[in-house]
Amino acid sequence: MDGGAWGWVAETPATSLAILGFGTLWFILYYIDQYRRWGVLSMGAWIFGFDFYAKIVLLYPFARAPDNVIAVAHRMPLILAELDNALFISAAGVLAMIFGLLASGAWAPTRFARPLDALHDVLRDGWCSRHGALAMLGLALGSTALLFLLGFQPFVARALVFERPELRPVYNLWSQFVPFAALGLLAFGLGTGRRAMALAGVAVAMIGVIGGNRTVVIVTLAQAFVLWAMPRREGRLWLPIAAGLALGTLALLVSQLRSEARAGGFGTLDELLYGNQLSDLRDFAWVLSGLHGGYYGGLTYLAGYLAFIPTALLDFRFDAAFGRVTAALAGLDPARHGGLRTPIFGELYVNFAMPGVLVGSFLFGLLLGRILRWVSHALSASARHAPHVAVWTGFLAYQVAVSLMFTPAFFGVYVLGVLVVIGIALRRWFPAPRAAVTP
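Residue numbers (this note's numbering): 4 to 442.
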């Protein structure tokens, strides 16, 4: 890519430039609206800013860069040939999702609120208590200790769980327990005014650094910031800028640690921008390069939703798992590669082509719209909800909604179900005063 930092513009089709321009304009307008209502960072602003604007629009120029050869080698021409198609499919998914958001106001608001109210009450009365806090600390620290007792090596988790499959169940549980405990402790600490408990939540989130990926530490800390800022309608714009710089520095640190922990690692910044940390759009194009119209008709969804059944008992789950499918489509060895991460609409397209993207994204928009509306109601029009717990509830519901669309993480839905059952038991066995989480 010649022509300096903006050389990619001359190589980009006009349609793609229009998508990037309209996407940027829409997000700016959406953020201004959210800022007026909720301050510097709302749940909606974070979701659209990171999962859609950053992963699709901001990363498009980096996906075009020749530097990607450090991760994709000779396959770069194949990826470039499909990159604008990946952008178009993703943009169509976002547009359908927005229509779903707009339609969500008329979709059974009372009926949909009931499960969210029930989840909120379990989190507030079961987990946000003294015994619940001890249980969360026990889950996070205990699963971390178990990983190390089994020989876990920090910063190379993805490669290690492939070399040692016995680590995978424990690592998967750990990657669910740490974010849950971090946000739960923070919600409990902020709701009760216990600063030490809130700091414990941040400290637990920092444990996620050892995993060497963005989800367990970076995303958890960003959600923690939303959990703190949104209920208080924090208006100081310099705070998210400072937090963003801190998270960016942490991301670079994680990339450096990953690079140093494995032989042949890349440079720190190259690892972050062109490795496998922020590569969703590029990896989607890589997957498309091997698809050739051979859609999977829902098999990867069935395999993902049946994650509670071991592959030894259900053979098709092994080959139909979306991670293995993406690796195979990209020409990689599924036995040695954990798969590629696409934007949220990637699995819909691989299974059902563009009609599936449009229908599935619209339904996802309906679901996301109801979640965001419930959070807004809980923070502004209902005294029965604890504000910080309400935001935590929204993020957990969003995790379920995303897992319905993108199944590699569907295992986490079953883990969340077990945690809800434990929360019900904690609420019954150790009832806490309602004042434990006050607005």
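Backbone N, C-alpha and C define an ideal beta-carbon position, used for all residues, glycine too.
Keep in mind the model is a prediction, meaning the values are calculated, not measured.
Cβ distance (whole Å) where residue i is taken to contact residue j below 8 Å
| i | j | result |
| --- | --- | --- |
| L366 | S132 | Not confirmed; about 36 Å, so no contact. |
| V181 | I221 | The pair is not a contact, with the Cβ atoms about 12 Å apart (cut-off 8 Å). |
| W395 | L186 | 5 Å |
| D283 | P346 | 5 Å |
| A184 | L142 | 6 Å |
Alpha-carbon spacing of residue i relative to residue j, whole angstroms
| i | j | result |
| --- | --- | --- |
| P411 | G326 | 7 Å |
| G426 | H123 | 11 Å |
| V378 | G397 | 6 Å |
| A438 | I31 | Here A438 scores only 42 on pLDDT, less than 50, and its place in the model should not be relied on; the value that follows carries that caveat. Rounded to the nearest angstrom, the two C-alpha atoms are 38 Å apart. |
| W130 | V418 | 15 Å |
| I92 | A245 | 34 Å |
| G96 | P80 | 25 Å |
| F433 | H134 | 7 Å |
| S45 | M233 | 5 Å |
| L422 | V125 | 10 Å |
| A148 | L202 | 20 Å |
| G214 | V159 | 7 Å |
| G296 | L189 | 47 Å |
| Y304 | G196 | 43 Å |
| G47 | D36 | 11 Å |
| P172 | A331 | 23 Å |
| F55 | G251 | 18 Å |
| Q402 | P118 | 15 Å |
| L371 | L240 | 26 Å |
| A21 | T15 | 10 Å |
DSSP three-state assignment for residue i, whether helix, strand or coil
| i | result |
| --- | --- |
| G2 | As shown, the chain starts at 4 and ends at 442. That puts residue 2 outside it, with no answer to give. |
| E237 | coil |
| T252 | helix |
| P337 | coil |
| A315 | coil |
| A438 | Only weak support is given to the placement of A438: the predicted model assigns it a pLDDT of 42, under 50, and the value that follows is read from those uncertain coordinates. The answer is helix: DSSP assigns A438 an H, G or I state. |
| A109 | helix |
| P80 | helix |
| P16 | coil |
| R431 | helix |
| V60 | helix |
| Q37 | helix |
| N175 | helix |
| A225 | helix |
| I92 | helix |
| G363 | helix |
| P157 | coil |
| Y298 | coil |
| R197 | coil |
| S45 | coil |
| P346 | coil |
| R376 | helix |
| R133 | helix |
| Q402 | helix |
| F191 | helix |
| R458 | Examination of residue 458 is not possible in this model, given that the chain is present from 4 through 442 alone. |
Contacts around residue i, its chain only, beta-carbon distance under 7 Å, and the 5 residues preceding and following it disregarded
| i | result |
| --- | --- |
| T27 | V60 |
| E85 | A288, L291, S292 |
| V75 | I82, W289 |
| F348 | I92, S93, G96, V360, S364 |
| A393 | H123, V378, A381, L382 |
| L23 | V60, Y63 |
| F51 | F30, Y33 |
| S406 | A412, F413, G415, V416 |
| D424 | Contrary to the premise, residue 424 reads as Val rather than Asp in this sequence. Nothing meets the Cβ criterion. |
C-beta atoms of residue i and residue j nearer than 8 Å
| i | j | result |
| --- | --- | --- |
| G42 | G238 | yes |
| R339 | F155 | no |
| L230 | H388 | no |
| L1 | D286 | Residue 1 lies beyond the residue range present for the chain, which begins at 4 and ends at 442; the question has no answer from this structure. |
| A208 | Y298 | no |
| G300 | N354 | yes |
| I174 | L152 | Here the sequence assigns Tyr to residue 174, which means Ile is not the residue at that position. It is not a contact, given that the beta carbons lie outside the stated cut-off. |
| V257 | A227 | no |
| R373 | F25 | no |
| F1 | A225 | What is shown of the chain runs 4 to 442, which leaves residue 1 out entirely. |
| R376 | S107 | yes |
Cβ-based neighbour list, residue i, same chain, cut-off 6 Å, excluding 5 preceding and 5 following
| i | result |
| --- | --- |
| G368 | M100, G103, L104 |
| A314 | With the sequence shown as reference, residue 314 is identified as Thr, and Ala is not the correct amino acid for it. Cβ within range, chain order: R320, F321. |
| P157 | I213 |
| P442 | In this prediction, P442 scores a pLDDT of 49, lower than 50, which makes its location untrustworthy; the coordinate-derived value is nonetheless stated afterwards. Here the set comprises P390. |
| M139 | A184, G187, L188 |
Cβ-based neighbour list, residue i, same chain, cut-off 8 Å, excluding 5 preceding and 5 following
| i | result |
| --- | --- |
| T18 | D87, F91 |
| R78 | W289, S292, A333, G334 |
Contact test: residue i Cβ vs the ligand FAD heavy atom, cutoff 7 Å
| i | result |
| --- | --- |
| A95 | Absence of the ligand FAD from the depicted structure is noted, as is the absence of any ligand whatsoever, leaving it without description. |
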